[in-house]
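The structure appears below as structure tokens.
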Amino acid sequence: MSARFVRRNARRILGVAVVAVLFAALRAPGATHAERAAVAARFRLARRPLPEVPGPEVRAVRVTHPSLRRIPSFMSTMGTSVALHDLDGDGLPNDLCRVDARTDQVIVEPVPGTGARYAPFALRQEPRVPDPRATPAMGCMPADLNEDGHADLVVYYAGRTPLAWLWAGGAYVPRELVPGGGGWVTGAAVFADFDGDGHGDLLFANYFADGSRIYDPRAGGTVEMPGSFSRADNGGGERVLRWTGARAGSDPDVAFAEEPGAIPADVRGGWGLAAAAADLDGDLLPELYVAHDFGPDRLFHNLSTPGRIRFATLTGRLGFAMPRSRVLGRDSFKGMGVDMADLNGDGIPDIVVSNITEEFAGQESQLAFLSTGRSAEMRSGVAPYEDRGEELGLARSGWSWDVRLADLDNDGVLEEVQATGFFRGTVNRWPEIQELGMANDALIPTLRASWPALRPGDDVSGHDQNALFARIGGRYVNVAREVGFGEPYASRGIALGDVDGDGDLDLAVANLWGPSTFYANECARCGAFLGLRLLLPPAQSPGPTRVVAGLARTGLVGRPAVGAQATVRPGRGPALSAQVDGGSGHSGKRSPELHFGLGEYAGPVQVSLRWRDAGGRPRAETLRLTPGWHTILLASGGSR
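Take the sequence shown: its letter number 132 is residue 1519 in the working numbering, and every next letter is one higher.
Following this line, the structure appears as structure tokens:
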């Protein structure tokens, strides 16, 4: 290349060089084919479609409020869910509670391959509701609400307030959780002891504003859409219900009181799609994260006392070079899923959040908020978390919903799985969606002003493949295709649990407008594991901690110790920590057991436990256990 040519084309050459440097800098680092193959070989998932359950006529799109008839596909993207839990009392999380949007049924059934222990059945709103398809179920969350040692079911809906389906010794009976409440459109629910009194409370994250009968074709008026695509505050917001009493037996009941002042007034009105609860500052009171569509997610610091639930808003620090939307509490993304687990090994739960990262389309970011360890900053309103999603390789996957962190091969390192896809068809409507996303906020709330028609046959990210991120060195790589973790439909919920008690975690995936799926984990190279089923006595009766090996039919009866914490130290390896989950996520619910991969370590394990007993007292105990499953009835001292 001559000097004369360089001088004449200096600007062009410089431009090309700048583009090349930026491309190299912004391109997501990948892994070699050999590396991906080696990682994928660690996983083996056997796919089994969930059986069809006879019911109402199957459909592939929802009937909507008259004012929403132009966008039935958009309005048909919610209302399918799945949960794994022990519902029949055999000690194994081998039962499913799921919502099938095609029939609007809430189905309870054994996991395929676990035996015909009972016939599948559906929970029916009729005759309590004249037209149940106008108030369809959005999700099902198992929880022992009346503390009798048997799982109940919380079902939340669009167009009505949630129901508690309580176990009555042979069937589930419905009870109103909010008598006389208005029509909620609920996107997620969480069960946790927010006020530390020893009893589980409820949080509902609602989507449309109360009274929005979005699926009632006979309703009048106009349904209001989001007031903004980045700062919407006209949604249903969060509702907190505090446990006040319960009754077991053949005529069970449970009572909750709404805490209208629990959520700070200046951050109400979000469009809630997911929620998670975990203790982030070590006081055994769970903090709360709510993922909002169309606006900032919120992390709430728990300032509650027994009988009074109160939260304060936490916001991350905005640095000079940090994009605003990667700072916790300042984002403008479309939060649709959240999970909490310790990714960086400091003993404090980290937070992963799913958004939209469609290549050449909606390029937000999947977020991985890692703890800085400065939990004391929470007392000053600071969220001590920094996003490291891009650095970890977790930032890009697609239009994502439920997100789950779990050790699927028992090597002591967490994997991440995601449900992806918006709605599936043959006509790509991303250009219209992109134009809508850039519209003036003043035009968004009214459909006629700017929204494109979105009808059956249209497609927006409907062919995304679910993600399975596994770690290679310091970064994660998506090996879902190599592993065969994918669905022929858009997915919404992911549930996790060791269904057969063999020590590796299985998965169930809730699909939209198609059959849902169970994945049996047939891990060929799994390491050792420690599993803990932590229980509180079903009644407030004093007693010491009792440990029995195994899960199935151990003879120990109790309710899951939601919020209890375990720190496991396998030999000289790094400590592992986890907390009993009460329903975190979007529309998938994991079973409440704790699972730790130990890798090649097979010796005795030191286990440090912290929990609040049935009377709300903080307790701690250290045990030494062998690898495998253990059922532990935690000590309780009775009432305060």
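We put the beta carbon where it would ideally sit given N, CA and C, even for glycine.
According to the DSSP secondary-structure assignment, Arg-1946 is paired through a beta bridge with Leu-1923. Looking at the DSSP output, Thr-2018 bridges to Arg-1920, Val-1935. When the five nearest sequence neighbours on each side are left out, the beta carbons in the same chain lying within less than 8 Å of the beta carbon of Arg-1868 are those of Gln-1852, in order along the chain.
Of the residues Arg-1695, Gly-1557, Leu-1550, Phe-1581, the one whose Cα lies closest to the Cα of Gly-1567 is Leu-1550. Minimum Cα-Cα distance from His-1688 among the listed residues Ala-1951, Gly-1622, Asn-1865, Leu-1672 corresponds to Leu-1672. Pairing Gly-1824 with Arg-1697, the inter-Cα distance amounts to about 35 Å. For Asp-1737, DSSP records a beta bridge to Ala-1728. Per DSSP, Ser-1995 lies in no alpha helix (DSSP H); the unbroken beta strand (DSSP E) holding it starts and ends at 1992 to 1999. Judged by DSSP secondary structure, Ala-1425 falls within the alpha helix (DSSP H) whose first and last residues are 1420 to 1427.
In this structure, the beta-carbon distance from Asp-1845 to Val-1814 falls below 8 Å.
With respect to the 8 Å criterion, Pro-1843 and Val-1448 are classified as neighbours on the basis of their beta carbons.
Contact between the region 1933 to 1941 and the region 1536 to 1556 is absent: fewer than 3 CB-CB pairs across the two stretches fall below 8 Å. The region 1754 to 1773 makes no contact with the region 1868 to 1878, as fewer than three CB pairs between them are under 8 Å.
Per the DSSP secondary-structure output, Leu-1671 pairs with nothing in a beta bridge. For Ile-1881, the enclosing beta strand (DSSP E) starts and ends at 1878 to 1884. Asp-1828 and Gly-1614 have their C-alpha atoms some 7 Å from each other. Per DSSP, Leu-1715 has no beta bridge partner at all. Nearest neighbour of Trp-1552 by Cα position, chosen from Val-1572, Met-1528, Gly-1570, Ala-1575, turns out to be Met-1528. Collapsing the DSSP output to three states places Arg-1766 in a helix.
Per DSSP, Glu-1822 lies in no beta strand (DSSP E); the unbroken alpha helix (DSSP H) holding it starts and ends at 1817 to 1824.
Around the beta carbon of Tyr-1505, fewer than 16 other beta carbons lie within 10 angstroms, which makes this residue exposed. Excluding its 5 nearest sequence neighbours in each direction, Glu-1764 has C-beta neighbours in its own chain below 7 Å: Pro-1771, listed in chain order. Using a Cβ distance threshold of 8 Å, Ser-1468 and Gly-1880 count as a contacting pair. Inside the region 1591 to 1649, DSSP marks whole beta strand (DSSP E) runs of 3 or more residues at positions 1624 to 1634, 1640 to 1645, from first to last along the chain.
In chain order, Val-1935 place their CB closer than 8 Å to the CB of Gly-1942, counting only its own chain and leaving out the 5 sequence neighbours on each side. Membership of Arg-1562 in the beta strand (DSSP E) is indicated by the continuous run 1559 to 1563.
Within the DSSP secondary-structure output, Glu-1803 pairs in a beta bridge with Leu-1792, Phe-1856.
Sorting Leu-1921, Ser-1964, Ala-1895 by C-alpha distance to the C-alpha of Arg-1485 places Ala-1895 at the top. Sequence-distant partners of Val-1516 (beyond 5 residues in either direction) whose C-beta falls short of 6 Å from its own C-beta, in its chain, are Thr-1522.
Beta-bridge partners of Cys-1913 (DSSP): none assigned. Residue environment analysis places Phe-1905 among the buried positions, since at least 16 neighbouring C-beta atoms fall within 10 angstroms of its C-beta. Counting along the chain, the unbroken beta strand (DSSP E) around Arg-1434 starts and ends at 1432 to 1436. By the neighbour-count criterion, in which 16 or more other beta carbons inside 10 Å mark a residue as buried, Thr-1490 falls on the buried side. Gly-1622 and Gly-1659 do touch by the CB rule: their CB atoms are close to 7 Å apart, below 8 Å. Rounded to the nearest whole angstrom, the CA to CA distance from Leu-1923 to Arg-1999 is 9 Å. Remark: C-beta atoms of Ser-1599 and Gly-1682 do not approach each other more closely than 8 Å.
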